[in-house]
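Here our numbering is used: the first residue of the sequence shown is 650, the next is one more, and so on. Glycine included, C-beta positions come from ideal geometry on N, C-alpha and C.
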Amino acid sequence: MEISIQAIHFEASEKLETFIHKKVKRLEKFSESILSADVTLKVVKPETNSNKEAAIKIFARGKDFFAEEIADSFEGAVDKCVEKLERQVVKSKEKTLGSKKKTI
C-alpha cells in the first residue's frame, strides 16, 4: 500500500511519519483491495488543547473510505481515524460478502 503524508504549515517528524505508516498499514489485514492512503495533518486553532486534526482517505478497488478526527496529539487523531476506517472497511467487506452469498 502506498501512503502519502501531507503536513499543512508544519514539518512532520520522522517519528510521527513512522507511526502513521505503521497504523495505516494495519488496515491491509482487513481488505486486500486497499491500494493507497492519503493522510493530511494540520493544526487548527493553535490556542486550544485539542487542536491536532488528522484526515485519512483510503482508496480501494471500487470504494473509497474517509475519516477525520481532532485530538490533543496527532498520534491520538490518527489512532481514532484508523479505528473508524477499520469499522468502515470491515462493514463494507461484510456487505459485499453478504450480497455475493445471496446471489449464489
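Taking residue i as the reference, which of the options has the closest Cα?
i       : options                            : result
Ser-653 : Lys-712, Ala-703, Ala-720, Ser-741 : Ala-703
Leu-734 : Ser-722, Ala-720, Ala-709          : Ala-709
Glu-677 : Ile-705, Gln-655, Val-738, Gly-747 : Val-738
Val-727 : Ile-705, Asp-713, Glu-651          : Ile-705
Lys-742 : Phe-714, Asp-721, Ile-719          : Phe-714
Asn-700 : Gly-711, Lys-712, Ala-686, Glu-717 : Glu-717
Met-650 : Lys-672, Ala-720, Val-693, Glu-660 : Lys-672
Should residue i and residue j be called a contact, given that it needs their Cβ atoms to be closer than 7 Å?
i       : j       : result
Lys-691 : Ile-657 : yes
Leaving aside the five residues before and after residue i along the sequence, list all residues of the same chain whose C-beta is less than 6 Å from its C-beta, in chain order.
i       : result
Glu-732 : none
Spatial neighbours of residue i within its chain, please: CB distance less than 7 Å, with the 5 preceding and 5 following residues excluded, ordered by chain position.
i       : result
Phe-723 : Leu-665, Leu-690, Lys-701, Ala-703
Contained alpha helix (DSSP H) runs [length at least 4] in the region 657-745, N- to C-terminal order: 663-674
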